[in-house]
Amino acid sequence: MIHDVPKPEISDDFTIDDIHKIREWHYEILKDATREERCAFYNRGMADFEVCIKETRAGRRAKDMVV
């Protein structure tokens with residue numbers, strides 16, 4: 051069972067404390083999750099990240115083409 055825990059607030063400076071907050075948040079969300087739920091959680095995040103990468107690459111290509 052994946053718990054509904056609000057995402058931590060991350061500072062603009064992104065410090066080591068922010069990393070600890072993120073790790074604690076992941077632990078709280080996934081502590082009672084089944085293997086299937088964990089896989090789904092990480093696959094969903096991976097898919098979102100892949101979209102970000104594609105958008106970033108497309109933006110770079112468009113910027114490179116503008117003269």
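All residue numbers for the sequence shown refer to our numbering, where the first residue is 51 and numbers rise by one.
Even glycine gets a Cβ: it sits at the ideal position worked out from N, Cα and C.
| query | Taking the alpha-carbon positions, what's the R107 to R94 distance? | reply | The alpha-carbon atoms of R107 and R94 are separated by roughly 20 Å.
| What does a CB cutoff of less than 6 Å around E100 pick up in its chain, not counting 5 residues either side in sequence? | The beta carbon of E100 sits closer than 6 Å to no other beta carbon from its chain once the five residues preceding and following it are set aside.
| query | If you drop the 5 nearest sequence neighbours on each side, which residues of the same chain put their C-beta closer than 8 Å to that of V55? | reply | The answer, listed in chain order, is W75, E78 and I79.
| Would the beta-carbon of W69 fall within 8 Å of that of P58? | Going by the sequence as given, residue 69 is Ile instead of Trp. No; because the gap between Cβ atoms is not below 8 Å, this pair is not in contact.
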